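There are 2 protein chains.
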Amino acid sequence: MNIQLLLTGNELMRGDTVDSNSAMIAQHLDRLGLNISRKITIGDDLNLLVSQLRELAATGDLLLVNGGLGPTIDDLTARAVAELVGAPLTEHPQAMEHLTAWCAGRGVALNASNLKQAQLPAGASIIPNPRGSAVGFTVRHDQCDIFCTPGVPVELRGMLKQSVIPAIARHLDPGQTRLIQRFHTFGIGESGLQQWIADELPDWPPEVDLGFRAGAPTLEVKVLSPQRKAEEHSLYVERLRELIGDYIVAQNEGNLPGSLIRVLGEKGMKLTTAESCTGGLIASMLTGQAGASEVFEAGFVTYANDMKERMLGVSGEDLASQGAVSETVVRQMAMGALTVSGADCAVAVSGIAGPSGGTAEKPVGTVWLAWGSAGDMRSVCLHYPYGRKMFQTMVAGAALDLVRRFLCGIEATPRYFRERRLPDTIQ
Amino acid sequence: MNIQLLLTGNELMRGDTVDSNSAMIAQHLDRLGLNISRKITIGDDLNLLVSQLRELAATGDLLLVNGGLGPTIDDLTARAVAELVGAPLTEHPQAMEHLTAWCAGRGVALNASNLKQAQLPAGASIIPNPRGSAVGFTVRHDQCDIFCTPGVPVELRGMLKQSVIPAIARHLDPGQTRLIQRFHTFGIGESGLQQWIADELPDWPPEVDLGFRAGAPTLEVKVLSPQRKAEEHSLYVERLRELIGDYIVAQNEGNLPGSLIRVLGEKGMKLTTAESCTGGLIASMLTGQAGASEVFEAGFVTYANDMKERMLGVSGEDLASQGAVSETVVRQMAMGALTVSGADCAVAVSGIAGPSGGTAEKPVGTVWLAWGSAGDMRSVCLHYPYGRKMFQTMVAGAALDLVRRFLCGIEATPRYFRERRLPDTIQ
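What follows is the structure in structure tokens.
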């Protein structure tokens, strides 16, 4: 099946938006064993849209169009497709129904801009949008199935899962879909991990595809095999799991904070956070997950030294003699958070996010972490010499990973303790 | 000038990599007043590469090719361009010099894979790569200038700045660069804002381009004009500023938390946060900005009712009788945070992020916010019936915006108080 992609939007052409939608679409198709052969991106220009639609519909079996379904005048996809198929734009009853319900649900009036979103090429079938005002639609032209979806990523995601991918899958031979296993890892870089696997599993079979995708703070490792290689797939998934198991923080649709919440729930334990340099990011990553309230009751953002004393009972003397970025202080922060909140375990971080505040001894990127329970508190100093936001993201990731390792009883020293150590730090 | 972009790489087609390079290229061109008219992305396939190169070179004045210059066999750009222009691949002396120096600097031997990177189409000029092993190159074919650059973002960035963009700029009329003004707004949707501008500024001149870019929690409005329309540009930028001024939270490279930090700094005031449903996101947005420590010392994440009592002194009786999501409780949270932290102003939020926890009276998406100073505390109930993360993002945005309005003395009721009101809430 020849699958092509047409993305439209001036914001994409001007660089105002980084396109993450086509990667999302490609990943969904990948699981079905399908590839995109060509992707064309153009601005909001009706003539160009029509001519590209025409070329793509003539050369492919499936065309996925993304963007241009919004309420504004520069959203031209419906008009362009109508012109392509030679049908008028008409008010689609199901689209109207959706829009009316959508506006009612938000207590806003249906205005002229919104009404435009119900104007679809006659004969089109709608693709429901569970999240947003714009419905998608599908038409068939020149032996090519055309699916049009909106550019808002969260809307696209829902529509892909609920409608577009299932519709495509119905036309496929079941043997064509691929076996896929994804591991989310924390604490090893892509090249390091690739080398490790090459060294330890040199007989990795070529049909079992291994892919890496860098996210922050985690790195995703993907194992992808044809259905007919199910046995090799399972075998090498297990070998990989044995090799890098300590670094696997979640599988498939999971994620690091979600896994930590699950482990805490299984143990009936509560976690508290005491944050300086991450400024609330650790708490925010946890509470971004549904179910966080079962295991997380309180977090402390003690950005100033005074507040470390006042809210967490850190010793003013130690703050003055050791500095806020020190083992003594970060351990006191964790112990203080345990005392105030009554939680079972805590994680505390204090570091230098930059761009200013670094010294020769404690350069920008230095962070002390403490984690554990009142009777078993651990600590480490790491160094993430990145920009401010990436530093905060990686430190928050390390904080969650260290609590996860603690709760899961993983006692081996993680590789990143060695790699992330300041050259002259003795630990 | 018709500018087109050709991106190549299997990782782009499989969704393993999100393409940020084309946004980077587009932003550089935008500042010169240039647009990309079309962008084509394909996998590492020689025939497809040659046919796309041929079509793009025939239809445009400038073609930027990105990717496919690495050392591996699936890096095919030099070969495809050689085929296009009908020249053999030959060892380019400057490319060899670069490679030799690059390997020497890293103490590695020049191997066969690297040598491949010195094989360029005869007659090509090199584009120096200050960061990596692959030099870029440029050729002219069919009236079209073709620039080939490697796909590694940090290498591309250096080559764009040092060589590619200056080379393009040399051909331009200085009057061609454009005037750009960006406003970041909070609290009006794209369609509402477009309607408002159309109603109130119906004489908006067509040469002054108006663009919208939805982010979360803010919406960006961009005004873009040719140099020769400088007068209209200034005039309509000012008219727009007068019209939507209360909703403008930042300009150009700025952002909402950054603006709030600036205003707090100007007034010499400190802010504290008391968060329930946003779980640390407000604090995290503030501390994501450099300079936050000047105005933000402490934040409280009181996710459980107990912690609202223990950390902020909220009345247990009021919690029991009114519920955590109530005006009484959220005001007490804000007052408690002021008392404990000694800050000058506070913002507190308590709401139902979902997916569970909603009731008929307080459905998922309901949130109470309180903000202000000890002597002037305000509060409102809003309704953001979105998914969990989007709810948290919008509530955090509203929290920051309400403090901003408070500090800037904007007393007009924001439109979103009406739009975001629960149907049966009396305020």
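Line order of the protein sequences matches chains A and B.
Using the numbering used here, read the first sequence as starting at 1044 and increasing by one per residue.
Using the numbering used here, read the second sequence as starting at 1044 and increasing by one per residue.
Don't be surprised by glycine CBs; every beta carbon is placed ideally from N, CA and C.
Please read these numbers as outputs of a predicted model, since none were measured by experiment.
*Among residues of its own chain, excluding the 5 on either side of glycine 1366 of chain B, which ones have a beta-carbon nearer than 8 Å to its beta-carbon?*
Closer than 8 Å at the Cβ level, and outside the excluded window around glycine 1366 of chain B, lie Val1372 and Lys1405.
*Please list, in chain order, all residues of the same chain as arginine 1191 of chain A whose beta carbon is under 6 Å from its beta carbon, the five residues on each side excluded.*
The amino acid occupying residue 1191 of chain A in the given sequence is cysteine; arginine does not appear at that position. Cβ neighbours of cysteine 1191 of chain A beyond the five flanking positions: Val1108, Thr1120, Gly1179 and Phe1180.
_Runs of 4 residues minimum, wholly inside the stretch 1100-1185 of chain A: which ones carry the alpha helix (DSSP H) assignment?_
DSSP runs (the alpha helix (DSSP H)) wholly in the stretch 1100-1185 of chain A: 1120-1128, 1136-1149 and 1155-1159.
*Interface residues of chain B facing lysine 1432 of chain A [CB-CB closer than 8 Å]*: Simply Gly1331.
*Taking 9 Å as the CB-CB cut-off, is lysine 1272 of chain A touching chain B?*
At a cut-off of 9 Å between beta carbons, lysine 1272 of chain A makes no contact with chain B.
_Between glutamine 1095 of chain B and chain A, is any beta-carbon pair separated by less than 9 Å?_
So yes, glutamine 1095 of chain B belongs to the interface.
*Taking all protein chains shown into account, decide if serine 1302 of chain A is buried (16 or more other Cβ within 10 angstroms of its Cβ) or exposed.*
Classification for serine 1302 of chain A: buried.
*Counting along the chain, where does the beta strand (DSSP E) carrying glutamine 1205 of chain A start and finish?*
Run containing glutamine 1205 of chain A: none; DSSP gives neither H nor E here.
_Simplified DSSP state of phenylalanine 1339 of chain A, which is helix, strand or coil_ = The three-state secondary structure of phenylalanine 1339 of chain A, taken from DSSP, is strand.
*Under 6 Å Cβ to Cβ from asparagine 1295 of chain A, same chain only, skipping five residues before and after it: list those, please.*
Contacts found: Arg1225.
*What is the DSSP secondary structure of tryptophan 1239 of chain A, counted as helix, strand or coil?*
Here tryptophan 1239 of chain A sits in helix by DSSP.
*Separation of threonine 1084 of chain A from leucine 1443 of chain A, as counted between CA atoms*: So the two alpha carbons sit approximately 39 Å from each other.
*Would you please state the rounded distance, in angstroms, between the beta carbons of threonine 1143 of chain A and glutamine 1162 of chain A? I believe it to be under 8 Å.*
Actually they do not touch by this definition, with Cβ atoms about 15 Å apart.
*proline 1193 of chain B at chain A interface by Cβ criterion, 9 Å*: Taking Cβ atoms only, chain A never reaches closer than 9 Å to proline 1193 of chain B, which makes this a no.
_Please report the distance separating the alpha-carbon of glutamate 1281 of chain B from that of leucine 1267 of chain B._
Taking the straight line joining both Cα atoms gives about 13 Å.
*What residues from the stretch 1071-1086 of chain B come within 9 Å of chain A, judged by C-beta to C-beta, listed N to C?*
Residues of the stretch 1071-1086 of chain B with a C-beta less than 9 Å from any C-beta of chain A: His1071, Leu1072, Asp1073, Asn1078, Ile1079, Ser1080, Arg1081, Lys1082, Ile1083, Thr1084, Ile1085 and Gly1086, listed in chain order.
_Buried or exposed (CB count within 10 angstroms, at least 16 for buried), threonine 1456 of chain A_ = Threonine 1456 of chain A should be labelled exposed.
*Quick one: which residues of the stretch 1098-1120 of chain B get their C-beta closer than 8 Å to a C-beta of chain A? List them in chain order.*
Within the stretch 1098-1120 of chain B, no residue qualifies.
*Does arginine 1464 of chain B get closer than 9 Å to chain A when you measure Cβ to Cβ?*
Arginine 1464 of chain B counts as touching chain A.
_Helix, strand or coil, according to DSSP, for arginine 1081 of chain A in the structure here?_
Three-state DSSP puts arginine 1081 of chain A in a strand.
_CB contact flag (glycine 1166 of chain B, valine 1128 of chain B, <9 Å)_ = Taking a C-beta distance under 9 Å as the contact criterion, glycine 1166 of chain B and valine 1128 of chain B qualify as a contact pair.
*What is the rounded straight-line gap between the Cα of glutamine 1470 of chain A and the Cα of alanine 1363 of chain A?*
Note that glutamine 1470 of chain A has pLDDT 41, beneath the 50 cutoff, so the model's placement of it is unreliable and the number below is only indicative. A direct Cα-to-Cα measurement between glutamine 1470 of chain A and alanine 1363 of chain A gives close to 22 Å.
*Is it true that the CB of proline 1300 of chain B sits closer than 9 Å to the CB of glutamine 1270 of chain B?*
No, these two residues do not count as a Cβ contact at 9 Å.
*Go ahead and pull the three-state DSSP assignment for aspartate 1059 of chain B.*
In this structure, aspartate 1059 of chain B counts as coil in the three-state DSSP scheme.
*In its own chain, which residues sit with a C-beta less than 7 Å from the C-beta of methionine 1328 of chain A, not counting the 5 before and 5 after it?*
Cβ within range, chain order: Pro1300, Ala1439 and Leu1443.
*Cut-off 7 Å between Cβ atoms - residues of its own chain near alanine 1317 of chain B, not counting five sequence neighbours on either side*: Contacts found: Phe1343, Thr1345, Leu1355, Met1376, Ala1377, Gly1379, Ala1380, Ala1389 and Ala1391.
*Over the uninterrupted beta strand (DSSP E) stretch that includes valine 1306 of chain B, give me the two end residues.*
No beta strand (DSSP E) contains valine 1306 of chain B, which is instead part of the alpha helix (DSSP H) from 1299-1310.
*Could you tell me the boundaries of the alpha helix (DSSP H) in which glycine 1258 of chain B lies?*
That residue, glycine 1258 of chain B, is in no alpha helix (DSSP H); it is neither H nor E in DSSP.
*Taking Cβ-Cβ distances shorter than 9 Å, what residues in chain A pair up with leucine 1278 of chain B?*
In chain A, no part has a C-beta under 9 Å from the C-beta of leucine 1278 of chain B; the shortest such distance is about 22 Å.
*Kindly indicate which three-state DSSP category lysine 1405 of chain A falls into: helix, strand or coil?*
The answer is coil: DSSP assigns lysine 1405 of chain A none of H, G, I, E or B.
*Going by beta carbon distance, what residues of the same chain come within less than 6 Å of alanine 1259 of chain B, once the five residues before and after it are set aside?*
Taken in chain order, the residues that qualify are Thr1436.
*From the DSSP output, in three-state form, read off arginine 1221 of chain B for me.*
Strand.
*Compare the C-beta of lysine 1310 of chain B with all C-beta atoms of chain A and state if any pair is closer than 9 Å.*
Chain A, which has no Cβ nearer than 9 Å to the Cβ of lysine 1310 of chain B, makes this no.
*Excluding the 5 residues preceding and the 5 following leucine 1072 of chain A in the sequence, name in chain order all residues of the same chain whose CB lies nearer than 6 Å to its CB.*
Excluding positions up to five away in sequence, the list is empty.
*asked:* Looking only at its chain, what residues have a beta carbon closer than 7 Å to the beta carbon of methionine 1077 of chain A, apart from the 5 residues adjacent to it on each side?
replied: Rather than methionine, the amino acid found at residue 1077 of chain A in this sequence is leucine. For leucine 1077 of chain A, where only same-chain residues beyond five positions count, the Cβ hits under 7 Å are Met1044 and Ile1046.
*Starting from proline 1428 of chain B, find everything on chain A with Cβ-Cβ shorter than 7 Å and list it in chain order.*
The contacting residues are Gly1148 and Arg1149.
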